[in-house]
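A quick write-up on the structure given underneath.
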Amino acid sequence: MPPGSSEEKIMEPLTEEEVMRALTEARSRDLDYERVFSTMCTRPHPIAVRAHQMFLETNLGDAGLFPGVAEIEARAIRMIGELLGHPEAMGYISTGGTESNIQGIRAARNASGRRDGNIVVPASAHFSFDKIGDLLHLEVRKAQLDSDLKVDLSSVESQVDDKTVALAGIAGTTEFGQVDPIDGLSKIALDREIHLHVDAAFGGFVLPFLGRDDLKWDFRVKGVSSITIDPHKMGLSTIPAGGLLFRNIKDVMSLQLDTHYLTVAKQASLTGTRSGAAAAATFAVMALLGRPGFETIVKGCMDVTRHLVSGAREIGIEPVIEPVMNVVALLVPKTPEVRSELAKVGWHVSMSREPHRALRIILMPHVTVENVNLFLKDLDSILRGMNKQG
Ligand SMILES: *Cc1c(COP(=O)(O)O)cnc(C)c1O
Numbered sequence: 000m001p002p003g004s005s006e007e008k009i010m011e012p013l014t015e016e017e018v019m020r021a022l023t024e025a026r027s028r029d030l031d032y033e034r035v036f037s038t039m040c041t042r043p044h045p046i047a048v049r050a051h052q053m054f055l056e057t058n059l060g061d062a063g064l065f066p067g068v069a070e071i072e073a074r075a076i077r078m079i080g081e082l083l084g085h086p087e088a089m090g091y092i093s094t095g096g097t098e099s100n101i102q103g104i105r106a107a108r109n110a111s112g113r114r115d116g117n118i119v120v121p122a123s124a125h126f127s128f129d130k131i132g133d134l135l136h137l138e139v140r141k142a143q144l145d146s147d148l149k150v151d152l153s154s155v156e157s158q159v160d161d162k163t164v165a166l167a168g169i170a171g172t173t174e175f176g177q178v179d180p181i182d183g184l185s186k187i188a189l190d191r192e193i194h195l196h197v198d199a200a201f202g203g204f205v206l207p208f209l210g211r212d213d214l215k216w217d218f219r220v221k222g223v224s225s226i227t228i229d230p231h232k233m234g235l236s237t238i239p240a241g242g243l244l245f246r247n248i249k250d251v252m253s254l255q256l257d258t259h260y261l262t263v264a265k266q267a268s269l270t271g272t273r274s275g276a277a278a279a280a281t282f283a284v285m286a287l288l289g290r291p292g293f294e295t296i297v298k299g300c301m302d303v304t305r306h307l308v309s310g311a312r313e314i315g316i317e318p319v320i321e322p323v324m325n326v327v328a329l330l331v332p333k334t335p336e337v338r339s340e341l342a343k344v345g346w347h348v349s350m351s352r353e354p355h356r357a358l359r360i361i362l363m364p365h366v367t368v369e370n371v372n373l374f375l376k377d378l379d380s381i382l383r384g385m386n387k388q389g
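All the letters of the sequence shown, read from the start, carry residue numbers 0 to 389 under numbering that gives the first Met the number 0.
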């Protein structure tokens, strides 16, 4: 009987061989990253895989039992803090950008003491902010974007009131890779003494390596209180590895609860049991690559990005904005149809939201120039075919 068939008895043991066959069959249906241009994840660095395997059974939720991996996590956080302009920043390795955003805003809400507050986020914010509104009982106010798709500061200003517990800015938007004017948000936050959370889930491991001093978005900007940065995206770590860092200890303390049965008396993380493996993987990649290693990877991604944009222009397609990072949104007619035609020939791209229904492409380290060329050729012939049909 094939595994998974309706007659399969649910808790009847299989042989190890049968289990492995079922797993192998399932795994063979998972896509390889090769032609996946829609994802912000990628193949982990080999050293991340090794580190992950070494620490598979460790639990940072009960860190007294695992002081070794707890120290590795602390070292990872220190490195990320240094990367973000504040080596003394405090935080932890979370499960990803969603958890980090929840916790960054939760800290602000707890510190404010309010239970009827609101947050002001850019219209371009990741959907995790809608989950936050639901979970934390906060009204989520969306500020408009300017023509470059950065948040409009006057729109933010007009939505802030005395119930606002936090502002959020995005350093590397999910759909367009744009960076909000964090220094402008910082001024508003400092003036009104509001928490400013920066979501750099994707941009955190890109922006510091672009060699651009004009982009100011991390703890060097005075009003920034907390930052989300995901090692499992451009940090080449294993899933689930997110990062959350705070400027001040008071925010960490506002998240802490007493534990009753663990080896540590207090816990600030959202999840209880949590992966030491992902923290070890994060440390391992950062320690091995250092700044020069990440610079090389990001430069490679930006080269492929520019190659895509110039190739797209040659076939008459423009990006919505000139790419800041390795995220490109291409303006094509009938985007949903083009997207599904591309999928038929094996290319997986995604779409940005209205009003810019563009083909969204992430140039992760697994995306090669050769594949971009093949992709553009297929895109061109799909568009020509659609033109012929009218
Ligand atoms: C990917 C992303 C998130 C969500 O991160 P997960 O790890 O998928 O939970 C949040 N914010 C931004 C800007 C992102 O790009």
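For each residue, glycine too, the CB sits at the ideal point set by N, CA and C.
Check: Hey, is asparagine 325 close to ligand 1, as in C-beta under 7 Å from one of its heavy atoms?
Finding: In this structure, asparagine 325 has its beta carbon at no less than 7 Å from each heavy atom of ligand 1.
Check: Nearest-angstrom Cα distance between asparagine 247 and arginine 105?
Finding: So the two alpha carbons sit approximately 14 Å from each other.
Next item on the list: May I have all residues whose beta carbon comes closer than 7 Å to any heavy atom of ligand 1, sorted in chain order?
Entry: Here the residues close to ligand 1, judged by CB distance below 7 Å to any of its heavy atoms, are Met39, Gly95, Gly96, Thr97, Glu98, Asn100, His125, Ser127, Ile169, Gly171, Thr172, Thr173, Asp198, Ala200, Phe201, Thr227, Asp229, His231, Lys232, Gly241 in chain order.
Margin query: How far does the beta strand (DSSP E) with leucine 144 in it extend, from its first residue to its last?
Written below: Where leucine 144 is concerned, there is no enclosing beta strand (DSSP E), given that its DSSP letter is neither H nor E.
Note to self: Quick check on the burial criterion: 16 or more other C-beta atoms within 10 angstroms. Buried or exposed for serine 27?
What the structure shows: exposed
Margin query: Using only the alpha-carbon positions, how far apart do glutamate 192 and alanine 110 sit?
Written below: Those two C-alpha atoms are separated by around 12 Å.
Checklist line | Three-state class that DSSP yields for histidine 51 in the structure shown | finding: helix
Next item on the list: Check glutamate 369 in the structure and name its three-state DSSP category.
Entry: helix
Next item on the list: On the DSSP bridge assignment, give the partners of serine 225 in chain order.
Entry: Serine 225 is bridged by DSSP to His196, Phe245.
Note to self: Quick check on histidine 259: does DSSP put it in helix, strand or coil?
What the structure shows: coil
Check: Using the beta-carbon count (16 or more within 10 Å), is methionine 285 buried or exposed?
Finding: buried
Next item on the list: Please classify serine 157: is it buried, with 16 or more other beta-carbons within 10 angstroms of its beta-carbon, or exposed?
Entry: Classification of serine 157: exposed, given that the 10 Å Cβ count is below 16.
Notebook entry, point to check: Which stretch, first to last residue, makes up the beta strand (DSSP E) that contains threonine 163?
Noted result: Element bounds for threonine 163: 163-169.
Item checked: Burial state of methionine 324, where buried means 16 or more other Cβ atoms lie within 10 Å -> buried
Notebook entry, point to check: Of all the beta strand (DSSP E) runs that stay within the bounds of the region 66-116, which reach a length of 3 or more residues?
Noted result: 89-93
Note to self: Taking only three categories from DSSP, how would you classify isoleucine 316?
What the structure shows: Coil, per DSSP.
Checklist line | Proximity to asparagine 386 [Cα-Cα], best of Phe374, Val337, Lys343 | finding: Val337
Note to self: Looking at the strands, I want to know which residues DSSP matches up with leucine 329.
What the structure shows: Pro318, Leu358
Checklist line | glutamate 138 - DSSP class collapsed to helix/strand/coil | finding: When DSSP states are grouped into helix, strand and coil, glutamate 138 belongs to the strand group.
Item checked: Paired residues, beta bridge with proline 121 - DSSP -> Its beta-bridge partners are Ala142.
Next item on the list: Measure the C-alpha to C-alpha separation of asparagine 58 and glutamate 313 and round it to an integer number of angstroms.
Entry: Between asparagine 58 and glutamate 313, the alpha-carbon positions lie close to 52 Å from each other.
Checklist line | Expected contact under 8 Å - CB spacing of serine 93 and leucine 244 to nearest Å | finding: Contact doesn't hold; Cβ gap of about 10 Å is too wide.
Notebook entry, point to check: Is histidine 306 helix, strand or coil by DSSP?
Noted result: In the structure shown, histidine 306 sits in a helix (DSSP, three-state: H, G or I).
Item checked: Bridge partners - histidine 347, DSSP secondary structure assignment -> In DSSP, histidine 347 forms a bridge with Val35.
Check: Which of helix, strand or coil does DSSP assign to serine 154?
Finding: helix
Note to self: Taking the straight line between their C-alpha atoms, what separation do you get for valine 391 and glutamate 17?
What the structure shows: Residue coverage of the chain in this structure runs from 0 to 389, which leaves residue 391 outside it and unanswerable.
Check: So the alpha helix (DSSP H) alanine 21 belongs to, where does it begin and stop?
Finding: Per DSSP, the continuous alpha helix (DSSP H) segment holding alanine 21 begins and ends at 15-28.
Notebook entry, point to check: Taking the C-alpha atoms as reference points, what is the distance between alanine 199 and threonine 14?
Noted result: 46 Å
Margin query: Just to confirm before moving on: does the CB-CB distance between serine 123 and glutamine 177 stay below 8 Å?
Written below: A contact, by the Cβ cut-off of 8 Å.
Checklist line | Residues near lysine 130 by beta carbon distance below 8 Å, same chain, minus five either side | finding: Cβ neighbours of lysine 130 beyond the five flanking positions: Thr97, Ile101.
Notebook entry, point to check: Assuming leucine 438 contacts isoleucine 316 under a Cβ cut-off of 8 Å, what Cβ separation, rounded to an integer in Å, is found between them?
Noted result: Because residue 438 is not part of the residues shown, which for the chain are 0 to 389, the question remains open.
Notebook entry, point to check: Where do the N-terminal and C-terminal ends of the alpha helix (DSSP H) with serine 185 fall, by residue?
Noted result: 181-191
Note to self: For lysine 215, list the residues DSSP reports as bridge partners.
What the structure shows: According to DSSP, which records beta bridges pairwise, lysine 215 is partnered with nothing at all.
Check: Which term fits methionine 19, buried or exposed, when burial requires 16 or more other beta carbons within 10 angstroms of its beta carbon?
Finding: exposed
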